[in-house]
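For the protein sequence lines, the chains are A and B, in the order given. With the UniProt record's numbering, letter number 80 in the first sequence gets 80, and the count goes up by one each step, no holes. With the UniProt record's numbering, letter number 87 in the second sequence gets 87, and the count goes up by one each step, no holes.
There are 2 protein chains.
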Amino acid sequence: MDSVTSPSPEVRARGAAGTSVEADLGWALGVVFRRYAKRAAAALEDVPGGPRGYQVLATANAEGPRRQLELAGHLDVDRTVMTYLLDDLEKAGLVQRQPDPADRRARLIVPTEQGRETLCDLERRLREAEDEVLGGLDDGDRLVFRMLLQRVAIRANSQDPVHNACNVADETLLPGD
Amino acid sequence: MDSVTSPSPEVRARGAAGTSVEADLGWALGVVFRRYAKRAAAALEDVPGGPRGYQVLATANAEGPRRQLELAGHLDVDRTVMTYLLDDLEKAGLVQRQPDPADRRARLIVPTEQGRETLCDLERRLREAEDEVLGGLDDGDRLVFRMLLQRVAIRANSQDPVHNACNVADETLLPGD
DNA sequence: TATTGTTATACTCTATAACTATA
DNA sequence: TATAGTTATAGAGTATAACAATA
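Structural data, given as structure tokens:
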């Protein structure tokens, strides 16, 4: 997985014959994604592990206690990386490792009170980052864009699922549609 | 710069109160971007340096002979990385390093005939990848999505330019608009 | 014997610093 | 003295493999 794939618009404009709108999906995607990623990373800079640490915290909080290995599979991070990540999050007082009463080998990851409070704040900051990225669109366009992007994303995710457990959960939580 | 920042939709759905459309811009952006990046990387797998190598080839071809350092600044890669990249591209017969008649320290990067032919093929493959990613949208929606994404991207790029030379080039090459 | 989690090690990618040849 | 490019080296991030405890 690499960064931008298409060169800047003016380059594509010559190579491929297409109109300016058609010529540079890769460029536009890359720019927008990286801008959001940068904003989000800034919003999450004081979380140990950055965006990854936030994901662990958010998932542990939303889905209840999870084993390390489940969490790792769900978020598609190596189990050894998960160890380091949890070491740091635990040191910062955001999560705790608790013995799983059902299996003494396993550890359940639960957010602390401080972790839950931190999470609320982080989610607010992330929404700000989202709004900033979409700042160029008025409310109507913004909604259309989000809906279309969502459709593209859902299809992309179903064709090329990032992690299976996630999609199972999707179906479980979205029974109506 | 990290990968996805938002967890999967069902996680955000609980944490943030928002509707399903509003809840996960980061997730959707990440999924779509990574899917495109993956497809593009597959299309460019036999190019030395992958997407990066393609960018070098495309830029050298579209904008005429460029010095290594210009190219590096333009594409935002370290000059030492550019050295390795060009070593590989040259070994593969796609570009040549020619002495700059105006400065014997500098090298001009020019694509070979084989490089230009390869580039044509790669651009065709990239357009296929784009179409595949947008496969879920009909022609009308696809156009709307591209236009809105383009607007977001142009604004994002102007606020947080990836590399200055690029924007200068933008203005130079797009005098009418 | 297989699995959870940890640790130690190796690998990849990128950036830093030192070097050459020119200017 | 400063710049273009190269090379060697060190650093972050990630993955592999060996290990301890438990199933």
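Every residue, glycine too, gets a C-beta built ideally from N, C-alpha and C. Computed from a prediction, not measured in an experiment: that's the story for all the values here.
Only buried fits residue 82 of chain A, as 16 or more other CB atoms lie within 10 angstroms of its CB. With respect to chain B, the C-beta atom of residue 152 of chain A has a partner C-beta closer than 8 Å. Taken through DSSP and simplified to helix, strand or coil, residue 106 of chain B comes out as strand. According to DSSP, residue 98 of chain A shares a beta bridge with A:108. Put simply, the CB of residue 100 of chain A is far from chain B, with every gap to its CB atoms at 8 Å or more. Relative to the Cα of residue 102 of chain A, the nearest Cα in the group A:136, A:65, A:144 and A:114 belongs to A:65. For the stretch 31 to 58 of chain B, the residues whose beta carbon sits under 8 Å from a beta carbon of chain A are, in order, 31, 32, 33, 34, 35, 36, 37, 38, 40, 41, 44, 50, 51, 52, 54, 55 and 58. Contact between the stretch 134 to 143 of chain B and the stretch 142 to 152 of chain A is established, with three or more Cβ pairs separated by less than 8 Å. Under DSSP, residue 39 of chain B takes part in no beta bridge, so it has no partner. Contact holds between the stretch 22 to 35 of chain A and the stretch 26 to 45 of chain B, because three or more Cβ pairs, one in each stretch, are under 8 Å apart. Counting along the chain, the unbroken alpha helix (DSSP H) around residue 51 of chain A starts and ends at 50 to 62. Rounded to whole angstroms, residue 108 of chain B and residue 100 of chain B show a C-alpha spacing of 6 Å. DSSP places residue 129 of chain B in the uninterrupted alpha helix (DSSP H) bounded by 113 to 133. In this structure the stretch 75 to 95 of chain B lies against the stretch 41 to 60 of chain B, because at least three pairs of beta carbons, one per stretch, are closer than 8 Å.
Contact between residue 42 of chain A and residue 67 of chain A is absent: CB atoms are separated by about 31 Å, not below the 8 Å threshold. Under the DSSP definition of a beta bridge, residue 67 of chain A partners with A:108. Residue environment: residue 146 of chain B is assigned as buried (16 or more neighbouring CB atoms within 10 Å of its CB, all protein chains considered).
Within the same chain, and ignoring the five residues on either side of residue 61 of chain B in sequence, the residues whose Cβ sits closer than 8 Å to its Cβ are 111, 115, 116 and 119. Interface annotation, residue 95 of chain A: not in contact with chain B, CB-CB separation never under 8 Å. The beta carbon of residue 156 of chain A sits closer than 8 Å to some beta carbon of chain B. Looking at the backbone, the Cα of residue 49 of chain A and that of residue 126 of chain A are separated by about 16 Å.
If you draw a straight line from the Cα of residue 63 of chain A to the Cα of residue 73 of chain A, it is about 14 Å long. Straight-line measurement puts the Cα of residue 157 of chain B at about 13 Å from the Cα of residue 24 of chain A. Residue 130 of chain A has a beta carbon lying within less than 8 Å of a beta carbon in chain B. In the DSSP assignment, residue 156 of chain A falls within the alpha helix (DSSP H) that extends over 139 to 159. If you draw a 10 Å sphere on the C-beta of residue 69 of chain B, you find fewer than 16 other C-beta atoms in it, and that means exposed. In this structure, residue 44 of chain B lies near residue 122 of chain B, with their beta-carbon atoms less than 8 Å apart. When DSSP states are grouped into helix, strand and coil, residue 92 of chain A belongs to the coil group. Across the set A:85, A:78 and A:80, the C-alpha of A:85 shows the shortest separation from the C-alpha of residue 51 of chain A.
Straight-line spacing of the CA atoms in residue 159 of chain B and residue 33 of chain B works out to 20 Å.
Interface annotation, residue 104 of chain B: not in contact with chain A, CB-CB separation never under 8 Å. Using a Cβ-Cβ cut-off of 8 Å, residue 135 of chain B is close to 155 of chain A, given in chain order. Residues of the same chain with a CB within less than 8 Å of the CB of residue 132 of chain A, apart from the 5 flanking positions on each side, are 39 in chain order.
Taking 8 Å as the threshold, the shortest C-beta distance from residue 69 of chain A to chain B does not fall below it. Residue 91 of chain A and residue 128 of chain B have their C-alpha atoms some 47 Å from each other. The beta-carbon of residue 92 of chain A is placed no less than 8 Å from the nearest beta-carbon of chain B.
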